[in-house]
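Chains as they are written, first to last, in full-length UniProt numbering: chain G, 1 to 287; chain D, 1 to 212.
Ideal Cβ placement from N, Cα and C applies to all residues, glycine included.
Computed from a predicted structure; not experimentally measured.
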């Protein structure tokens with residue numbers, strides 16, 4: 001009987017917490033206010049990699065995610081494409097997740113609105129689509145890119161695409177950015193593109209996977225910068241000088257974090273009080 | 001027409017978002033329906049996409065247009081067909097061979113690359129002189145990196161009983177591990193809140209037009 005009461009109480013408390021969280025996120029979205037975001041060295045490192053690469057360089061952006069992580073990774077994709085286009089880099093998009101190819105199309109069309117007719121498909125960017133295989137595919141790209149991608153997503157032959165004219169293998173690429181929601185993804189690029197072929201690799205990941213990639217940002221430059229979650233996407237937007245979806249998400253993110261901190265403190269106080277009560281009850285019983 | 005399709009898409013998205021959110025109250029038929037549709041759609045999408053973007057350009061087109069130079073593709077094609085034999089109990093044994101090749105090659109490639117990037121490069125990355133940096137933050141950070149790596153690894157050294165003096169690095173290792181678990185938890189909270197922001201932003205902006 002008392003277990004049933006406790007379960008009902010727990011369920012009710014959970015629902016209150018869910019409701020509070022929804023309010024903590026919804027209210028700052030409806031009534032925005034301005035909280036400052038500062039860029040961190042990890043984001044700056046990725047930014048500097050793109051910034052320092054010469055104009056006209058062919059680069060790869062790998063869309064290794066699907067709609068489930070679009071909130072965190074799509075703002076990164078948009079910011080990175082915009083930065084690469086500002087620097088006149090020629091972008092080769094590919095995907096190791098089946099729906100990544102559509103994510104790439106969505107990101108390109110979003111950034112295209114800012115650049116208008118200036119950026120032409122096949123000349124300034126191309127979408128080679130999805131291929132399964134993870135690191136095996138990247139290894140094969142080290143021998144021959146055309147073998148892996150005989151056609152782009154629009155079914156154009158590899159040889160007919162002007163951007164790919166002088167690109168035979170992945171060694172012709174100046175840097176790789178993998179936007180990765182899991183496996184296959186960034187780890188395969190670090191191991192193969194950087195570890196085997198020595199190509200600079202930067203990454204954008206969901207916040208959940210970011211701690212696992214931090215050790216790769218080291219003196220060996222296994223990762224040339226890491227964007228972890230929506231916060232890092234907001235930092236990148238800040239570095240580019242515009243306010244996008246990630247920057248707008250920082251207000252609700254901060255308020256929700258404050259609420260969670262308050263809940264953790266309240267939970268701990270409650271546990272401490274309960275323990276104290278139990279201890280006192282024991283002492284009364286003993287003597 | 002395009003505008004109508006967009007509106008229908010937004011309403012469907014809103015319906016499925018709310019159906020999934022309804023699980024927070026309790027399990028219900030709306031949640032179950034949304035979950036099943038998601039699983040079915042994902043599988044169908046993956047199958048169709050694989051046929052049109054992998055099998056046709058990488059296999060069938062090459063075999064039909066230039067068989068002389070691509071006949072070797074018959075081998076992976078045969079292995080692929082053998083893999084499909086899993087669906088027939090009497091011929092299931094045939095699928096063991098392509099599976100064995102896949103496991104063997106993937107494990108070998110991964111082992112070589114992982115040894116380089118996760119072992120050699122990671123060890124080299126901790127062999128750093130902390131005093132080569134000018135900033136005190138970098139110096140302290142590098143010293144902590146070295147201590148944390150050594151003590152963290154020592155915590156997992158089980159061939160010597162960790163007592164007395166030997167207990168100290170182990171304890172320090174636990175502290176470093178706890179800090180890393182805390183950081184991981186923080187990042188996880190951030191990720192989950194980001195997902196909620198994404199969905200609420202969609203509902204309030206695109207569906208209800210409450211914000212611009």
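Residue environment, residue i, which counts as buried when at least 16 other CB atoms sit within 10 Å
{"i": "residue 160(G)", "result": "exposed"}
{"i": "residue 144(G)", "result": "exposed"}
{"i": "residue 149(G)", "result": "buried"}
{"i": "residue 198(D)", "result": "buried"}
{"i": "residue 168(D)", "result": "exposed"}
{"i": "residue 203(G)", "result": "buried"}
{"i": "residue 52(G)", "result": "exposed"}
{"i": "residue 97(G)", "result": "buried"}
{"i": "residue 87(D)", "result": "exposed"}
{"i": "residue 187(G)", "result": "buried"}
{"i": "residue 90(G)", "result": "buried"}
{"i": "residue 69(D)", "result": "exposed"}
{"i": "residue 235(G)", "result": "buried"}
{"i": "residue 32(D)", "result": "exposed"}
{"i": "residue 143(D)", "result": "exposed"}
{"i": "residue 159(D)", "result": "exposed"}
{"i": "residue 368(G)", "result": "Nothing can be reported for residue 368(G), as the shown portion of chain G is limited to 1 through 287."}
{"i": "residue 31(G)", "result": "exposed"}
{"i": "residue 286(G)", "result": "exposed"}
C-alpha gap between residue i and residue j, whole angstroms
{"i": "residue 38(G)", "j": "residue 19(D)", "result": "37 Å"}
{"i": "residue 178(G)", "j": "residue 280(G)", "result": "57 Å"}
{"i": "residue 95(G)", "j": "residue 65(G)", "result": "8 Å"}
{"i": "residue 246(G)", "j": "residue 208(D)", "result": "20 Å"}
{"i": "residue 225(G)", "j": "residue 13(D)", "result": "34 Å"}
{"i": "residue 35(G)", "j": "residue 254(G)", "result": "9 Å"}
{"i": "residue 142(G)", "j": "residue 193(G)", "result": "8 Å"}
{"i": "residue 180(G)", "j": "residue 46(G)", "result": "15 Å"}
{"i": "residue 36(D)", "j": "residue 28(D)", "result": "13 Å"}
{"i": "residue 272(G)", "j": "residue 192(D)", "result": "28 Å"}
{"i": "residue 177(D)", "j": "residue 141(D)", "result": "16 Å"}
{"i": "residue 3(D)", "j": "residue 69(G)", "result": "26 Å"}
{"i": "residue 126(D)", "j": "residue 217(G)", "result": "12 Å"}
{"i": "residue 24(D)", "j": "residue 124(G)", "result": "45 Å"}
{"i": "residue 249(G)", "j": "residue 264(G)", "result": "22 Å"}
{"i": "residue 196(D)", "j": "residue 25(G)", "result": "8 Å"}
{"i": "residue 182(D)", "j": "residue 189(D)", "result": "11 Å"}
{"i": "residue 16(G)", "j": "residue 133(D)", "result": "50 Å"}
{"i": "residue 132(G)", "j": "residue 122(G)", "result": "23 Å"}
{"i": "residue 78(G)", "j": "residue 233(G)", "result": "9 Å"}
{"i": "residue 134(G)", "j": "residue 183(G)", "result": "8 Å"}
{"i": "residue 111(G)", "j": "residue 115(D)", "result": "39 Å"}
{"i": "residue 161(D)", "j": "residue 179(D)", "result": "24 Å"}
{"i": "residue 7(G)", "j": "residue 14(G)", "result": "10 Å"}
{"i": "residue 211(G)", "j": "residue 119(D)", "result": "18 Å"}
{"i": "residue 156(G)", "j": "residue 56(G)", "result": "22 Å"}
{"i": "residue 5(G)", "j": "residue 276(G)", "result": "22 Å"}
{"i": "residue 50(G)", "j": "residue 241(G)", "result": "15 Å"}
{"i": "residue 61(G)", "j": "residue 9(D)", "result": "28 Å"}
{"i": "residue 120(G)", "j": "residue 130(G)", "result": "21 Å"}
Beta bridge counterpart(s) of residue i as assigned by DSSP
{"i": "residue 151(G)", "result": "157(G)"}
{"i": "residue 90(G)", "result": "58(G)"}
{"i": "residue 127(G)", "result": "93(G)"}
{"i": "residue 64(G)", "result": "180(G)"}
{"i": "residue 205(G)", "result": "180(G) and 228(G)"}
{"i": "residue 157(D)", "result": "Residue 157(D) pairs with nothing; no bridge assigned."}
{"i": "residue 121(G)", "result": "125(G)"}
Sequence-distant residues of the same chain with beta carbon closer than 8 Å to residue i, five excluded per side
{"i": "residue 298(G)", "result": "Given a span of 1 to 287 for chain G in the structure shown, any question on residue 298(G) remains unanswerable."}
{"i": "residue 243(G)", "result": "237"}
{"i": "residue 167(G)", "result": "58, 92, 145 and 173"}
Cut-off 6 Å between Cβ atoms - residues of its own chain near residue i, not counting five sequence neighbours on either side
{"i": "residue 83(D)", "result": "95 and 98"}
Other residues of its chain near residue i: CB distance less than 7 Å, five sequence neighbours each side excluded
{"i": "residue 104(G)", "result": "63, 93, 95 and 127"}
{"i": "residue 20(G)", "result": "259"}
{"i": "residue 67(D)", "result": "none"}
{"i": "residue 62(D)", "result": "70 and 73"}
{"i": "residue 203(D)", "result": "14 and 17"}
{"i": "residue 251(G)", "result": "28, 32, 33 and 35"}
Check distances from the C-beta atoms of the segment 193-212 of chain D to those of chain G and list, in chain order, the residues that come in under 7 Å. 193, 194, 195, 196, 197, 198, 200, 201, 204, 210 and 211
In chain order, what residues of the segment 185-212 of chain G put their CB closer than 9 Å to some CB of chain D? 187, 188, 190, 191, 192, 194, 195, 196, 206, 207, 208, 209, 210, 211 and 212
Using a beta-carbon distance cut-off of less than 7 Å, what residues from the segment 10-24 of chain D approach chain G? 24
Report the residues of the segment 41-55 of chain G with a CB closer than 8 Å to any CB of chain D, ordered along the chain. none
So if I threshold CB-CB distances at 8 Å, which residues from the segment 41-52 of chain D count as touching chain G? 45, 46, 49 and 50
Which of the residues in the segment 245-269 of chain G, read from start to end, lie with their CB under 8 Å from any CB of chain D? 245, 248, 249, 252, 253, 256, 257 and 260
Taking beta-carbon pairs under 7 Å, can you tell me which members of the segment 107-140 of chain D lie near chain G? Those would be 109, 110, 113, 114, 116, 117, 121, 122, 124, 125 and 128, in chain order.
Contact residues within the segment 139-173 of chain G, judged by C-beta distance below 9 Å to chain D: 139, 147, 148, 149, 150, 151, 153 and 155
Taking only beta carbons into account, state which residues of the segment 158-191 of chain D come closer than 8 Å to chain G, listed in chain order. 180, 183, 184, 187, 188, 189, 190 and 191
What residues from the segment 219-238 of chain G come within 7 Å of chain D, judged by C-beta to C-beta, listed N to C? Residues of the segment 219-238 of chain G whose Cβ lies closer than 7 Å to any Cβ of chain D, in chain order: 219, 220, 222, 228, 229, 230 and 231.
Give the residues from the segment 23-37 of chain G that approach chain D closer than 7 Å (Cβ to any Cβ), ordered along the chain. 25, 26, 29 and 30
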